[in-house]
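Residue numbers (my numbering): 291 to 464.
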């Protein structure tokens with residue numbers, strides 16, 4: 291009888307281990323391996339949740355200025371260090387007030403519950419090291435319908451407007 295029970299348990303144990311491995315792989319797929327920030331898929335789910343619950347939320351896009359030059363001049367290790375530093379600073383700025391993600395390359399994204407609670411000037415200043423960064427912001431309250439896709443498009447337009455204004459420093463545009 292004990293052998294019969296053991297024979298039944300072994301496949302169940304195998305499936306449990308397999309399920310645990312798949313769960314860990316899925317969690318890793320939703321995190322950027324270099325920065326530890328959420329990837330687009332992981333961040334989007336959290337951002338949509340925050341936008342639905344917090345009418346004063348805002349979406350930010352951050353792009354590092356002259357990132358390609360840094361990589362070409364000082365190598366990929368320097369570029370990676372700049373990405374990690376940017377991610378750490380963005381994550382710290384969001385704190386418990388929001389969540390940050392990395393869309394790819396040198397482009398980062400964040401959503402915060404209340405734009406007034408976040409010191410945007412402090413974020414811009416801290417992101418200015420090691421490279422200048424362009425930041426675009428879209429307060430959800432300014433949208434006719436609070437949709438993440440519209441907020442991202444507006445933040446993207448604001449970020450590129452900031453990039454066009456200066457090549458020396460970062461500007462925040464709303």
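Positions of the beta carbon are idealized from the N, C-alpha and C atoms, including for glycine.
Assigned secondary structure, residue 356 (DSSP; H/G/I helix, E/B strand, else coil): Locating residue 356 in the chain shown gives position 66, counting from the first residue. DSSP places residue 356 outside both helix and strand once states are collapsed to three, so it counts as coil.
Neighbourhood of residue 373 by C-beta distance below 7 Å, restricted to the same chain and skipping five residues each side: Along the chain shown, read from residue 1 onward, the residue named residue 373 stands at position 83. Excluding residues within five positions, the ones whose Cβ falls inside 7 Å are 324, 325 and 396.
Nearest candidate by alpha-carbon position, reference residue 422, set 360, 354, 321 and 449: Taking the first residue of the chain shown as position 1, residue 422 is located at position 132. Nearest C-alpha to residue 422: 354.
Bridge partner(s) assigned by DSSP for residue 350: In the chain shown, residue 350 corresponds to position 60, counting from 1. Residue pairing by DSSP places residue 350 opposite 400 and 427 in a beta bridge.
When 437, 368, 328 and 450 are compared against residue 384, the one with the closest alpha-carbon: Position 94 of the chain shown, counted from the first residue, corresponds to residue 384. The shortest CA-to-CA distance from residue 384 to any of 437, 368, 328 and 450 is the one to 328.
Span of the beta strand (DSSP E) around residue 330: Position 40 of the chain shown, counting from 1, holds the residue named residue 330. In the DSSP annotation of this structure, residue 330 is not part of any beta strand (DSSP E); the continuous alpha helix (DSSP H) holding it starts and ends at 330-343.
Sheet register partners of residue 321 (DSSP bridge): Start at 1 with the first residue of the chain shown, and residue 321 comes out as number 31. For residue 321, which the question treats as bridged, DSSP gives the partners 328.
contact_flag[the region 396-411, the region 340-353] where n(CB pairs < 8 Å) is 3 or more: When C-beta atoms of the region 396-411 are compared with those of the region 340-353, three or more pairs fall below 8 Å, so the two segments count as touching.
Exposure label - residue 368; buried when at least 16 CB within 10 Å: Along the chain shown, read from residue 1 onward, the residue named residue 368 stands at position 78. Exposed, because fewer than 16 other Cβ atoms sit within 10 Å of the Cβ of residue 368.
Which of helix, strand or coil DSSP assigns to residue 385: In the chain shown, the residue the question calls residue 385 occupies position 95. Of the three classes helix, strand and coil, the one that applies to residue 385 here is helix, per DSSP.
Residue 370 classed as buried or exposed, judged by whether at least 16 other C-beta atoms fall within 10 angstroms: Sequence index remark: in the chain shown, residue 370 carries index 80 (1-based). The residue in question, residue 370, is exposed, as its Cβ has fewer than 16 Cβ neighbours within 10 Å.
Three-state secondary structure assigned by DSSP to residue 391: In the chain shown, the residue the question calls residue 391 occupies position 101. For residue 391, the secondary structure class from DSSP, reduced to helix, strand or coil, is strand.
Proximity of residue 426 and residue 390 at Cβ, strictly below 9 Å: Counted from its first residue, the chain shown places residue 426 at position 136. Counted from its first residue, the chain shown places residue 390 at position 100. No, the Cβ-Cβ distance between residue 426 and residue 390 is not below 9 Å.
DSSP three-state assignment for residue 364, whether helix, strand or coil: Numbered from its first residue, the chain shown carries residue 364 at position 74. In the three-state DSSP reduction, residue 364 falls in the helix class (H, G or I).
Expected contact under 8 Å - CB spacing of residue 428 and residue 445 to nearest Å: For this step, residue 428 is matched to residue 138 along the chain shown. For this step, residue 445 is matched to residue 155 along the chain shown. Right, the Cβ-Cβ distance comes to about 4 Å (below 8 Å), so this counts as a contact.
Span separating the alpha-carbon of residue 439 from that of residue 352: As a first step, residue 439 is located in the chain shown; it is residue number 149 there, counting from the start. As a first step, residue 352 is located in the chain shown; it is residue number 62 there, counting from the start. Roughly 16 Å between the two C-alpha positions.
Candidates 363, 334, 359 and 417, of which the one nearest residue 375 by Cα: What you label residue 375 is simply residue 85 of the chain shown in a count that begins at 1. In terms of Cα proximity to residue 375, the closest of 363, 334, 359 and 417 is 417.
Proximal residues to residue 337 (C-beta, below 6 Å), its chain only, five neighbours per side dropped: If you number the chain shown from 1, residue 337 lands on position 47. Closer than 6 Å at Cβ, skipping near neighbours: 401 and 438.
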